[in-house]
Amino acid sequence: MKKILSPLAVIVLTLTLSACNFQGSFRYPCQDPTNWEKDECKPPICTVNGACPEDLVGDVANQDNPAGDTIEQP
């Protein structure tokens, strides 16, 4: 019986703890890719408080291209 309850308890505890802090939102507006084209997420406005997408997320240009290959824009 303990062999069944122990893994079950681990699974339930993991699922419970992993869902505790998820709010379905971003901490900063410029972390959300849908806001990257807004003025508040473009320099020079975002550089004042360090909220540019490049600062918050990393290399925004290569998000869909982690290998760093050249992507031509249409």
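Number 73 marks the last residue of the sequence shown (numbering that gives the first Met the number 0); no jumps.
We put the beta carbon where it would ideally sit given N, CA and C, even for glycine.
These numbers come from a predicted model, not from an experiment.
**OP:** For my contact list, C40 and N34 are in at a C-beta cut-off of 8 angstroms; report their separation, rounded to the angstrom.
**Re:** As a working mapping, residue 40 is identified with position 41 in the sequence shown. As a working mapping, residue 34 is identified with position 35 in the sequence shown. Right, their Cβ atoms sit about 5 angstroms apart.
Original post:
Going straight from the alpha carbon of V9 to that of R26, what length do you get?
Top reply: Within the sequence shown, the letter at position 10 stands for residue 9. Within the sequence shown, the letter at position 27 stands for residue 26. About 29 angstroms.
Subject >> Short Cβ contact (9 angstroms threshold) for C29 with P42 >> reply: Sequence index remark: in the sequence shown, residue 29 carries index 30 (1-based). Sequence index remark: in the sequence shown, residue 42 carries index 43 (1-based). Cβ distance not < 9 angstroms, so C29 and P42 don't count as in contact.
**OP:** For D38, I'd like the list of residues in its chain whose CB is within less than 7 angstroms of its CB, leaving aside the five on either flank, ordered along the chain.
**Re:** The count along the sequence shown starts at 1 and reaches residue 38 at position 39. Closer than 7 angstroms at the Cβ level, and outside the excluded window around D38, lie I44.
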